[in-house]
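Below: the structure, in structure tokens.
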Amino acid sequence: MDEMQALAEEQRKAGMLLDDGAPVKLNVSLAAAAVPKVDAAAPKDKATVFGNEEEEEDAVRRRKAPLVKLDFSAANGGEKAKERLGRIKASVPSDRETLFKAKVRWDGVTDLMIDRKFEPLVKRLMMKYLGELEDDDLVMFVLEHLKDHKSPQKLVDGLEPVLEEEAAELAISVWRQVIFESMAYGEGLHTERMMVD
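Numbering-wise, full-length UniProt numbering puts 134 at position 134 of the sequence shown, and it's gapless, one number per residue.
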């Protein structure tokens, strides 16, 4: 405690600390502070606030940026992407063994894609093989199968009691689209609405 009092006393002597009860003296004046006079013989250039505005605008107009060569490959990129997607589409295997052994990049086949793209495909295939679609149980079975990242053989096994021989054909059609989406994702391409079959 003695150290604190000694420190406070030193600060008071240096003028850094005021007594708590002592009044603070302030001087407030509306008159401008007196400016020392400078010799008239040595005129000094005063900077104006708005005087250099025109000069700055001219400097901006005169300043030229280096020209950048425009790259129109982005416009042609759509054509190249479609061409690459066409090659990928042609390279998707059609035979069952090769197709079912193909590796799937499931990060490229998202749940959103399954809902938006595969659901209409599966409904169309069910209509083709069953003639009419009474309920969506089979469609939901296929979509959940894809979302759970199960194998194509398990899809065939699950559909065989209802579709019999057509179960393999439906599974091949669905799996071709899965492989196409996976391969396109691996190439960094968006398939948008493109279908394999």
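A virtual CB, placed ideally from N, CA and C, is assigned to each residue, including glycine.
1) In the DSSP assignment, the alpha helix (DSSP H) including Ala31 goes from what residue to what residue?
2) Compare the C-alpha of Pro152 against each of Tyr129, Arg116, Lys103, Gly131 and name the closest.
3) For Ile172, collect the residues of the same chain with a Cβ closer than 7 Å to its Cβ; drop the 5 residues on either side in sequence, then sort them by chain order.
4) Out of Leu130, Val178, Ser29, state which residue places its alpha-carbon closest to the alpha-carbon of Asp115.
5) Let me know the secondary structure DSSP gives His190 once reduced to three states.
6) Taking the straight line between their C-alpha atoms, what separation do you get for Asp111 and Pro161?
7) Checking contacts by CB at 7 Å: is Ala31 closer than that to chain C?
8) Roughly how far, in whole angstroms, is the beta-carbon of Leu155 from the beta-carbon of Val142, given that I think they are within contact range, below 8 Å?
9) Kindly list the residues whose CB is nearer than 8 Å to the CB of Glu169, restricted to its own chain and excluding five residues on each side of it in sequence; keep chain order.
10) Helix or strand or just coil, what does DSSP make of Asp197?
11) In its own chain, which residues sit with a C-beta less than 8 Å from the C-beta of Val109, not counting the 5 before and 5 after it?
12) So, for Met126: in the same chain, excluding its five sequence neighbours on each side, which residues have a beta-carbon less than 7 Å away from its beta-carbon?
13) Could you tell me whether the Cβ atoms of Val196 and Val92 are closer together than 7 Å?
14) Do the CB positions of Leu189 and Ala90 come within less than 7 Å of each other?
15) So, is Lys101 buried or exposed, given that buried needs 16 or more other C-beta atoms within 10 angstroms?
16) Work out the CA separation of Met194 and Gly86 for me, nearest whole Å.
17) Between which two residues does the alpha helix (DSSP H) carrying Val156 extend?
This is what the structure gives:
1) On the sequence shown, residue 31 is found 31 positions in, with the first residue counted as 1. Taken as a continuous stretch (DSSP letters only), Ala31 belongs to no alpha helix (DSSP H), as it is neither H nor E.
2) The residue you call residue 152 lines up with position 152 of the sequence shown. Ranking Tyr129, Arg116, Lys103, Gly131 by CA distance to the CA of Pro152 puts Lys103 first.
3) As a first step, residue 172 must be located in the sequence shown, where it is residue number 172. Counting only Cβ-Cβ distances below 7 Å, and skipping sequence neighbours, we find Arg96, Leu99.
4) For this step, residue 115 is matched to residue 115 along the sequence shown. Checking every option, the nearest Cα to that of Asp115 belongs to Val178.
5) Here the question's residue 190 lines up with position 190 in the sequence shown. His190 falls in the coil class under three-state DSSP.
6) For the purposes of this step, residue 111 is taken as the residue at position 111 of the sequence shown. For the purposes of this step, residue 161 is taken as the residue at position 161 of the sequence shown. Distance between Asp111 and Pro161, taken at the CA atoms: about 26 Å.
7) In the structure shown, chain C cannot be found, because there is only a single protein chain.
8) Taking the first residue of the sequence shown as position 1, residue 155 is located at position 155. Taking the first residue of the sequence shown as position 1, residue 142 is located at position 142. 7 Å between Cβ atoms; contact.
9) Taking the first residue of the sequence shown as position 1, residue 169 is located at position 169. Result list for Glu169: Tyr129, in chain order.
10) As a position in the sequence shown, residue 197 is number 197, starting the count at 1. Coil at Asp197, not helix or strand.
11) Position 109 of the sequence shown, counted from the first residue, corresponds to residue 109. A distance below 8 Å between beta-carbons, with the five flanking residues on each side excluded, links Val109 to the following residues of its chain, in chain order: Leu146, Val178, Glu181, Ser182, Tyr185.
12) If you number the sequence shown from 1, residue 126 lands on position 126. Excluding positions up to five away in sequence, the list reads Leu133, Leu138, Val139.
13) Stepping through the sequence shown from its first residue, residue 196 is reached at position 196. Stepping through the sequence shown from its first residue, residue 92 is reached at position 92. Yes, the pair counts as a contact, with Cβ atoms nearer than the cut-off.
14) Your numbering for residue 189 matches position 189 in the sequence shown. Your numbering for residue 90 matches position 90 in the sequence shown. Taking 7 Å as the Cβ cut-off, Leu189 and Ala90 do not qualify as a contacting pair.
15) One-based indexing of the sequence shown puts residue 101 at position 101. With a threshold of 16 other beta carbon atoms within 10 Å, Lys101 falls short and is exposed.
16) As a first step, residue 86 is located in the sequence shown; it is residue number 86 there, counting from the start. As a first step, residue 194 is located in the sequence shown; it is residue number 194 there, counting from the start. Met194 has its alpha-carbon roughly 9 Å from the corresponding atom of Gly86.
17) Within the sequence shown, numbered from 1, the residue matching residue 156 stands at position 156. Annotation: the continuous alpha helix (DSSP H) that includes Val156 extends over 152 to 163.
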